[in-house]
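Participant: First, the structure itself, so that you have it in front of you.
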Amino acid sequence: MLKSERKGESVTELLEVQKLSKVYPNGTRALSEVSFSVTPGEFAVIVGRSGAGKSTLMRCINRLAESTSGEVLLEGGSVTGLSNNDLRRARKKMGFVFQQFNLVKRISALQNVLCGRMVDMPVLTSCFRRFSKQERQVALECLERVGLGDKAAQRADTLSGGQQQRVAIARALAQRPSMILADEPVASLDPESAKVVMDTLRSLANEEGYAVLCNLHQVNLADRYADRILGIREGELVLDGKKGDLGSAEIESVYGAEAQEALR
Amino acid sequence: MSSKSPGLPKTGGSGSLRRALKFLGLVLIGAFLVQSMLAVQFSPVVFAQGLPDLVNLVGRMFPPSLEVVPDVALASLETLQMAVVGTIIAALLSVPLAFLAAQNIAPSAILYHVSRSIIIFTRAIPDLIFALIFVAAVGLGPFPGTLALAISSIGMLGKLYAEAIEEIDFGQVEALRSTGSHPLQTLAFGVVPQVTPAIIGMTLYRWDINIRNSVVLGLVGAGGIGFQLLTSMRLFQYPEVLTIIIFVFVIILAVERVSSSIRERLI
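Residue numbers (this note's numbering), protein chains in the order written: chain P, 402 to 665; chain S, 3 to 269.
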């Protein structure tokens, strides 16, 4: 509906998703021709009930899951057609933040962040955890950026949930990405930690110019942080607009009957 | 989901047929058990009649021979070393096999089936048979025994390692993939740290088992304390047999202690 409004803008699109569909072998349609784009510096939030296809969309963008048809363009280049090394290069440009953090638990926070830089490292030496001074320096700076410079040597599984998610963000930043995909980044966190994580993500978009595409199932959080809200219901994009433009009727279209509950 | 719920389990005529078949199955199993006991000539009476001989045999073992202590100690060390070397070789061979044979990370279907087959094959053949073959091939002594332990351990270690790999939190693998890491880097960081404690624990457990097995392997001439046991038994040197049994007992207890303390420190 509001998609057409964005077409006229003269900003360069960082990420373009074109008619992306995913159909499971059993016939379930997870995504139906989803199209949208994201510009640098934009904090775009995808809302929708759990099971609506938000996660699948995110994972189809960086190809952790494969779409059935449609195309994903990053900085003008197709991601959907890539394989092996080219795909790895493309993934490097899209830092991915997971709901469950997915840190390597038995290594240090700093080594986890170094994982974000491995695409540019010699394969064998990095597998034996030999990292150059420069790489370690870059990783430390990324940890400092999320306020965890003092936790560098600590084992990842000894950190709190909120700290682990910030290490995960530092790992994404270490990739020197142009955008960040965050799949329910605060769903496993307490409200305090959630705020720190969301604040960090927003400042990455608004102050440092990363494009951030973030899945959330809570509308109130989306309302507080998003520049733009995309709504997904049953695999279809049913909402796309600037935050201020959205009324309760539009949000209801995403959530259906349970909208009022979700808003509370 | 808007689709209809799948059908309930079928009821009616087929239910009673199933029950009849189940009953028939139970009867057959029962009959087989009874027949088996007859076939093995299972008899409490015969056992009771043999008890005095057993007591007599144990009596003739006392006191344990002290003369053979140096020889038995040396043979014990050999047994221990066979188990260590055999287990390490097995672990070194099993780790790569397990990575190929774990369903969630197997790089190719062909390699998956080949490595699964190797694991199943080495599991299907008892270590005693491997020992007999290797004794025939390379002669008596600890070397064929060590080979037999190594090869027969692959079946268990490969299977257990692969299962440990299949149980990992796959999120960590996806995280590595999402950074654009090379498949080897993904393995080294997304998989290896998660399975290392399990692999070490299972390897220690197998070492423990291999100590026992190497005693048995000695009986077919594959070195170690088992070979000593065989010799003493053949010569009716029962006090020597008792010394050997005490040594076996002590080694097994000691190994259990060592492996459980290492395991504790890892967790």
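For each residue, glycine too, the CB sits at the ideal point set by N, CA and C.
Which value, in whole angstroms, describes the spacing of the CA atoms of S:R118 and S:P98?
Facilitator: In the second sequence, counting from the first residue as 1, residue 118 of chain S sits at position 116. In the second sequence, counting from the first residue as 1, residue 98 of chain S sits at position 96. Answer to the nearest angstrom: the Cα atoms are 12 Å apart.
Participant: Quick one: give me the first and last residue of the alpha helix (DSSP H) that P:A588 is part of.
Facilitator: Start at 1 with the first residue of the first sequence, and residue 588 of chain P comes out as number 187. Looking at the DSSP string, P:A588 is not in any alpha helix (DSSP H), and its letter there is neither H nor E.
Participant: Within 9 Å (strictly less), CB to CB, does P:R490 reach chain S?
Facilitator: On the first sequence, position 89 is the one that residue 490 of chain P refers to. Closer than 9 Å to some Cβ of chain S, the Cβ of P:R490 qualifies, so yes.
Participant: Can you name, in chain order, every residue of its own chain whose Cβ lies under 8 Å from the Cβ of S:T89, other than the five neighbours on each side?
Facilitator: For the purposes of this step, residue 89 of chain S is taken as the residue at position 87 of the second sequence. L151, A152, S155, T205, R208, W209, N212.
Participant: Kindly list, in the order they appear in chain S, the residues whose Cβ is closer than 7 Å to that of P:N621.
Facilitator: Within the first sequence, residue 621 of chain P is the residue found at index 220, counting from 1. Near P:N621 there are no residues of chain S at all, since even the closest Cβ is about 27 Å away, more than 7 Å.
Participant: Please list, in chain order, all residues of the same chain as S:A22 whose beta carbon is under 8 Å from its beta carbon, the five residues on each side excluded.
Facilitator: Here residue 22 of chain S refers to the residue found at position 20 when the second sequence is read from its first residue. Nothing meets the Cβ criterion.
Participant: Using Cβ-Cβ distances below 7 Å, what residues of the region 519-543 of chain P are close to chain A?
Facilitator: Chain labels in this structure do not include chain A; the protein chains are P and S.
Participant: Once DSSP output is grouped into helix, strand and coil, what is the label at S:G228?
Facilitator: What you label residue 228 of chain S is simply residue 226 of the second sequence in a count that begins at 1. Reduced to three states, the DSSP call for S:G228 is helix.
Participant: Per DSSP, what kind of secondary structure is P:S484 in: helix, strand or coil?
Facilitator: Translated into positions along the first sequence, residue 484 of chain P becomes position 83. Residue state, collapsed to three classes: coil.
Participant: Output the distance between the C-alpha atoms of P:D628 and P:V655, rounded to the nearest integer angstrom.
Facilitator: In the first sequence, counting from the first residue as 1, residue 628 of chain P sits at position 227. In the first sequence, counting from the first residue as 1, residue 655 of chain P sits at position 254. Take the alpha-carbon of P:D628 and the one of P:V655: they are about 18 Å apart.
Participant: Would you kindly check if the distance between the Cβ of P:Q419 and the Cβ of P:E472 is under 9 Å?
Facilitator: Against the first sequence, residue 472 of chain P aligns to sequence position 71. Against the first sequence, residue 419 of chain P aligns to sequence position 18. Yes, the Cβ-Cβ distance between P:E472 and P:Q419 is below 9 Å.
Participant: Which residues in chain S have a C-beta closer than 8 Å to the C-beta of P:L465? List them in chain order.
Facilitator: On the first sequence, position 64 is the one that residue 465 of chain P refers to. What P:L465 touches in chain S: E176, R179, S180.
Participant: Within 8 Å, do at least three Cβ pairs link the region 138-150 of chain S to the region 74-85 of chain S?
Facilitator: yes
Participant: To the nearest angstrom, report how far apart S:S234 and S:L255 are at their CA atoms.
Facilitator: Along the second sequence, one-based indexing puts residue 234 of chain S at 232. Along the second sequence, one-based indexing puts residue 255 of chain S at 253. Roughly 23 Å between the two C-alpha positions.
Participant: Going by other Cβ atoms of all chains shown within 10 Å of its Cβ, with 16 needed for buried, is P:G548 buried or exposed?
Facilitator: Translated into the one-based positions of the first sequence, residue 548 of chain P becomes position 147. Answer is exposed; the Cβ neighbour count stays below 16.
Participant: Is it buried or exposed, S:E69, if we count other Cβ atoms within 10 angstroms and call 16 or more buried?
Facilitator: Against the second sequence, residue 69 of chain S aligns to sequence position 67. Result: exposed.
Participant: Which residues in the same chain have their Cβ closer than 6 Å to the Cβ of P:V539, if we skip the five residues on either side of it in sequence?
Facilitator: Here residue 539 of chain P corresponds to residue number 138 of the first sequence, with the count starting at 1. Once the five neighbours on either side are set aside, P:V539 has no close Cβ partner at all.
Participant: Determine whether the Cβ of P:F499 lies closer than 9 Å to any Cβ atom of chain S.
Facilitator: The residue you call residue 499 of chain P lines up with position 98 of the first sequence. Flagged as an interface residue toward chain S: P:F499, by a C-beta distance shorter than 9 Å.
Participant: I'd like to know if P:M495 contacts chain S, where contact means its C-beta is closer than 9 Å to some C-beta of that chain.
Facilitator: The residue given as residue 495 of chain P occupies position 94 in the first sequence. Interface residue, yes.
Participant: Can you list, in chain order, the residues of its chain with a C-beta nearer than 6 Å to that of S:L59? Leave out the 5 residues immediately preceding and following it.
Facilitator: Translated into positions along the second sequence, residue 59 of chain S becomes position 57. Answer for S:L59: no residue qualifies.
Participant: Under 7 Å between beta-carbons, which chain P residues line up against S:F191? List them in chain order, please.
Facilitator: Locating residue 191 of chain S in the second sequence gives position 189, where the first residue counts as 1. Result: V505, C516.
Participant: Measure the Cβ-Cβ separation of S:G173 and P:Q501 and say whether it is below 9 Å.
Facilitator: Within the second sequence, numbered from 1, the residue matching residue 173 of chain S stands at position 171. Within the first sequence, numbered from 1, the residue matching residue 501 of chain P stands at position 100. Closer than 9 Å, so yes.
Participant: Given a threshold of 16 other Cβ atoms within 10 Å of its Cβ, counted over all protein chains shown, does P:A554 qualify as buried or as exposed?
Facilitator: Locating residue 554 of chain P in the first sequence gives position 153, where the first residue counts as 1. With fewer than 16 other Cβ atoms within 10 Å, it is exposed.
Participant: Which residue's Cα is closest to the Cα of P:V439: P:S456, P:R530, P:K643?
Facilitator: The residue labelled residue 439 of chain P in the question sits at position 38 within the first sequence. Distances from the CA of P:V439 to each of P:S456, P:R530, P:K643 were compared; the closest alpha carbon is that of P:K643.
Participant: Would you mind telling me which residues of chain P sit closer than 7 Å to S:G288, beta carbon to beta carbon, in chain order?
Facilitator: In the structure as shown, chain S starts at 3 and stops at 269, and residue 288 of chain S therefore has no counterpart that could be examined.
Participant: Does the CB of S:L28 have a neighbour CB from chain P at under 9 Å?
Facilitator: For the purposes of this step, residue 28 of chain S is taken as residue 26 along the second sequence, with counting starting at 1. No - not a single Cβ of chain P is within 9 Å of the one on S:L28.
Participant: Touching or not, the region 559-573 of chain P and the region 586-604 of chain P, by the rule of three or more beta carbon pairs under 8 Å?
Facilitator: The region 586-604 of chain P and the region 559-573 of chain P touch, with three or more beta-carbon pairs separated by less than 8 Å.
Participant: Going along chain P, which residues have a C-beta under 7 Å from S:P98?
Facilitator: The residue you call residue 98 of chain S lines up with position 96 of the second sequence. Result: empty, since nearest Cβ-Cβ is about 14 Å, beyond 7 Å.
Participant: Apply the 10 Å Cβ neighbour rule to P:P586 and answer buried if 16 or more other Cβ atoms are within range, or exposed otherwise.
Facilitator: Mapped onto the first sequence, residue 586 of chain P falls at position 185. With 16 or more other Cβ atoms within 10 Å, it is buried.
Participant: How about P:A445: is its C-beta nearer than 9 Å to some C-beta of chain S?
Facilitator: Taking the first residue of the first sequence as position 1, residue 445 of chain P is located at position 44. By this cut-off, P:A445 is not an interface position.
Participant: Taking the CB atoms as reference points, tell me whether P:V613 and P:A445 lie closer together than 9 Å.
Facilitator: Taking the first residue of the first sequence as position 1, residue 613 of chain P is located at position 212. Taking the first residue of the first sequence as position 1, residue 445 of chain P is located at position 44. In contact: P:V613 and P:A445 (Cβ atoms closer than 9 Å).
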